[in-house]
Each structure stands twice: as C-alpha cells, then as structure tokens.
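Residues 1 to 191 (UniProt numbering) are what the sequence shown spells out, left to right.
Here's the structure we're looking at; comments come further down.
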Amino acid sequence: MAALEVEPQIMRNGERCQPRELLWDFLDGGSAIINRIDRLWPPIGRLCSALRADFLHVFAVMYLTPRDSRAVPAHTDDQDVFILQLAGRKAWTVYGSPIELPCTHEQLGKTEPIARSLWENELREPILTAELAPGSLLYLPRGFVHEARCTKAGGSSLHVTLTVQTSDLNWRTFLRDGLVELQRTNEAARR
C-alpha cells in the first residue's frame, strides 16, 4: 500500500472533527474518510481504472465508521455512486430526488441540513431501506437523498464509494468547455 498522501477527514454525525489520533477519534464515534483511496490502494485503483472503460471518470472514497454512528447526515450528491460494502454492516435509507439531476451548486444537505419543508412535503417516506453486508453493492443515482448508519448490532463498517462524475456529462458543460477551448486556441474566436 502506498504511503498516505492525504490526511483522512474525521467526521462525527456530519461535523468535521479536529483529528487527535485516528484511533481515539474512531473509538469516540468519528468516521475516517479517505478521499481518492483509488490512488492509495492498488486493488481499488485497478477497479476504478477498469470501470473507466464504461464510465468516463470514476474515483473512490473510503469510509470507516464505528458502530452506532454515522459519518454524514442525509444529503444528495451531484454524481452517481456505487456503494461497495467491504466489512461490517451499514443501514441505508434512500429517499426521492427533490431536484432532478442536480449540478454541484444544487446539492442538498452538504453545508446545512435539508429543509424541513422538503422532509414534510417531498421526502416523507423512504423509497428504499437496506442493510449492506460484506460484498453488497448499492447504486445511488445522482440527486437522491440518502443517509447511512452503523447499528450497535452490526459493528463497525468499512465501505468504498465508487463515484461516477455524471454532473459534468451534460450539454451545458460540453458547450462551456468547448467555447473556452475554442477561444483559447482560435484567434478568430478570441476576437
């Protein structure tokens, strides 16, 4: 395994913690989150590379969560994700998508809790509840509200989120990036 190039984030119920020592934070209920684990762990790197044959860009984030806790609150993502459960168990709850195919700036639950009015009007009932065990795979489409929690009985959990950058694959991004490149490389377009 490669030397750790990034500090893991320590999250407890959606709040970033000041890392003391990783083990003490974990024992105190904090989850260790390692972004771009595909660059550090060769088997996950090979998996992401293989998936790029079918998806334009795939990267991975690893979550180690202690029993009876959660890393982050209910939220949406601006990309499609596949959850690969490696060890332990984790209970997932998935709700609908209040914003169809959200862009990065339209994600919910990332900087502040999801509005109570959405919970009362659009997200009353989950569309899926599932407990993932080692070897389980869960697909979460872009924009669907989701949350996960380790239970006391299920022990600690280790899962990898395989992220497919779908928010960047649209006509808006294609035209924007194409016009920027045209202006950069073509004198007539620059004028």
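Ideal Cβ positions, reconstructed from N, Cα and C, are used throughout, including at glycine.
Being a predicted model, the structure only gives us computed values, none of them experimental.
Pick out whichever of Gly-135, Ser-157, His-57 has its Cα sitting closest to the Cα of Ile-33. Among Gly-135, Ser-157, His-57, the Cα nearest to that of Ile-33 is on Ser-157.
Within 9 Å, strictly: CB atoms of Arg-89 and Ala-153: Cβ distance < 9 Å, so Arg-89 and Ala-153 count as in contact.
Just the C-alpha distance for Leu-123 and His-75, rounded to the nearest angstrom, thanks. Distance between the alpha carbons of Leu-123 and His-75 is about 12 Å.
Using the three-state DSSP reduction, which class does Gly-72 fall into: helix, strand or coil? The question names Gly, but residue 72 is Val in the sequence shown. Val-72 sits in coil when the DSSP states are folded into three classes, being neither helix nor strand.
Quick check on this structure: which residue in Ile-44, Cys-48, Leu-64, His-57 has the alpha carbon closest to the alpha carbon of Ser-31? Looking at the Cα atoms, Leu-64 is the closest of the given residues.
Among residues of its own chain, excluding the 5 on either side of Ala-3, which ones have a beta-carbon nearer than 6 Å to its beta-carbon? Unreliable positioning characterises Ala-3 in this predicted model, as indicated by a pLDDT of 46, which lies under 50. A coordinate reading is not provided.
For Arg-52, which residues of its own chain have a beta-carbon under 7 Å away from its beta-carbon, when the five flanking residues on both sides are left out? The beta carbon of Arg-52 sits closer than 7 Å to those of Val-58, all from its chain and outside the five residues before and after it, given in chain order.
Identity of the residue in Pro-141, Ala-91, Phe-26, Asp-78 nearest His-105 by Cα: Minimum Cα-Cα distance from His-105 among the listed residues Pro-141, Ala-91, Phe-26, Asp-78 corresponds to Asp-78.
Inter-residue CB distance, Val-160 and Leu-128 (contact presumed, cutoff 8 Å): Rounded to whole angstroms, the Cβ separation of Val-160 and Leu-128 is 20 Å, and the two are not in contact under 8 Å.
Per DSSP, what kind of secondary structure is Leu-100 in: helix, strand or coil? Sequence inspection shows Glu at residue 100; the Leu mentioned does not correspond to that position. Glu-100 falls in the coil class under three-state DSSP.
Please state the DSSP three-state secondary structure of Asp-177. Three-state result, Asp-177: helix.
Grab me the residues of Gln-165's own chain with a C-beta within less than 6 Å of its C-beta, minus the 5 sequence neighbours each way, in chain order. The answer, listed in chain order, is His-57, Gln-79.
Classify Met-1 as helix, strand or coil using the three-state DSSP reduction. Low confidence applies here, because Met-1 scores a pLDDT of 40, under 50, leaving its location unreliable; read the following figure in that light. It is coil, neither helix nor strand.
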